[in-house]
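Only one structure is covered here, and it is reproduced in the block below.
Residue numbers (our numbering): 175 to 323.
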């Protein structure tokens, strides 16, 4: 079951590329073995992925998709792709923090002293992450407000 943060991450990723650069979205999802609500990209081999998502019909003839794949592989070296990877890893780390919190919470409730100490540390990290996320949201909202004028 997807949670709100996960929905927002993947929804924003999709919106960023749809419709003009949708192949970039598909490639990012596939190369990172991700899935969305409809497609599990991790199951596709390179050949299957190229056939299903990168081929185009030009002048009535289906291309192989190989040139598009080559272009997308070169895209991996760009700042745009690296920024997306940073966002993905940040998202994954946040999810891991919440999982660790739940695990240590359960053990701490059972009286495990080490888990209680770990829980305090994780709680501080989560609070720090939440504070940073609120700050980022506030900055984006202020920038958007000025862009609207």
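Even glycine gets a Cβ: it sits at the ideal position worked out from N, Cα and C. Computed from a predicted structure; not experimentally measured.
Roughly how many angstroms lie between the CA atoms of residue 263 and residue 286, to the nearest whole one? 30 Å
Between residue 226 and residue 290, what straight-line distance do the alpha-carbon atoms span, to the nearest angstrom? 49 Å
In whole angstroms, give me the CA-to-CA distance for residue 202 and residue 232. 24 Å
Note down, one range per segment and in chain order, each beta strand (DSSP E) of at least 3 residues found wholly within the stretch 179–235. none
Please name the residue in 254, 239, 206, 238 whose C-alpha comes closest to that of residue 191. For residue 191, the closest alpha carbon among the candidates 254, 239, 206, 238 is that of 254.
Alpha helix (DSSP H) segments (min. 4 residues) lying fully within the stretch 243–318: 253–283
Quick one, which of 199, 282, 204, 303 has its alpha-carbon nearest residue 293's? Minimum Cα-Cα distance from residue 293 among the listed residues 199, 282, 204, 303 corresponds to 282.
So which of 256, 247, 297 has the shortest CA-CA distance to residue 271? The shortest Cα separation from residue 271 among 256, 247, 297 belongs to 297.
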